[in-house]
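What follows is a single structure, written as structure tokens, with notes after it.
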Amino acid sequence: MTARRVLTGAATALAVAAAVFALWGVLAWVSAAGDGDLATAAARDDALRAGREHVARLTTMDHSDVEAGLRSWLEVTTGPLRSELEDTDPATLHAVERAGTVATGAVLAAGLSEFNADHGTATLLATVEITTVAGDTEPVHVRHRYRAQLRHTDDGWKVAAFEPMPAGGAS
Numbered sequence: 000m001t002a003r004r005v006l007t008g009a010a011t012a013l014a015v016a017a018a019v020f021a022l023w024g025v026l027a028w029v030s031a032a033g034d035g036d037l038a039t040a041a042a043r044d045d046a047l048r049a050g051r052e053h054v055a056r057l058t059t060m061d062h063s064d065v066e067a068g069l070r071s072w073l074e075v076t077t078g079p080l081r082s083e084l085e086d087t088d089p090a091t092l093h094a095v096e097r098a099g100t101v102a103t104g105a106v107l108a109a110g111l112s113e114f115n116a117d118h119g120t121a122t123l124l125a126t127v128e129i130t131t132v133a134g135d136t137e138p139v140h141v142r143h144r145y146r147a148q149l150r151h152t153d154d155g156w157k158v159a160a161f162e163p164m165p166a167g168g169a170s
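Residue numbers (numbering that gives the first Met the number 0): 0 to 170.
As structure tokens, this is what we get:
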């Protein structure tokens with residue numbers, strides 16, 4: 000009978016400890032769910048994800064459907080950059096078509112150097128490999144570095160400014 004009491008007591012103590020641990024876990028999870036730091040981290044992750052996708056799109060163009068490429072660029076831009084793209088001269092579009100090349104950008108690495116959730120702004124630095132194919136030639140792979148200024152809009156993160164970065168520094 001004594002062994003039975005010991006086992007029953009141990010089982011009860013273990014059940015109480017498990018219940019206390021489960022309650023602590025639930026309370027910690029509920030507390031963290033309302034944590035502003037988590038919301039900021041989620042917004043930063045969203046800006047980084049969107050920025051990577053947008054930079055890849057802005058470094059991609061297919062001569063066989065320049066209009067679709069331009070529409071893709073317009074979908075991911077905002078502000079003066081979008082206005083500049085909207086005003087692209089038809090002669091420029093025809094020159095891209097005549098060039099007969101397909102350029103495909105792939106973001107190899109990216110990070111946010113600045114992020115302000117309150118103002119909805121971020122600066123993305125990205126290394127992009129652009130693969131260019133002209134006709135039947137072998138693909139040419141070139142790496143570039145870009146700086147993209149991101150702005151949060153009603154439609155999510157968009158690129159407000161986009162510029163190449165000089166090799167050897169982030170001036």
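Heads up, the beta-carbon is just placed ideally off N, CA and C, and yes, glycines get one too. Quick caveat: nothing in here was measured; it's all calculated off a predicted structure.
Checklist entry - Where does Gly50 sit, in a helix, a strand or coil, going by DSSP? => result helix
Checklist entry - Would Arg51 be called buried (16 or more neighbouring beta carbons within 10 Å of its own) or exposed? => result buried
Checklist entry - Per DSSP, Glu192 forms a beta bridge with which residues? => result Here the chain has residues from 0 to 170 only, and residue 192 is not among them.
Checklist entry - Does DSSP classify Asp61 as helix, strand or coil? => result strand
Checklist entry - When the distance is taken between beta carbons, is Thr122 closer than 8 Å to Ser112? => result yes
Checklist entry - For the region 87-134, which segments carrying the beta strand (DSSP E) assignment without a break, of at least 3 residues, lie completely within its bounds, in sequence order? => result 100-115, 120-133
Checklist entry - Do you know offhand how far Gly134's Cα is from Ala159's? => result 33 Å
Item to check | Residue nearest to Ala90 in terms of C-alpha spacing, selected from Leu107, Arg81, Ser82, Val65 | outcome: Val65
Item to check | Integer Cβ distance of Ala98 from Ala109, believed to fall under 8 Å | outcome: About 27 Å separates the two Cβ atoms, so there is no contact after all.
Checklist entry - According to the neighbour-count rule (16 or more other Cβ atoms, all chains shown, within 10 Å of its Cβ), is Arg77 buried or exposed? => result Note that residue 77 is Thr in the sequence shown here, rather than Arg. It is buried - the Cβ of Thr77 has at least 16 other Cβ atoms within 10 Å.
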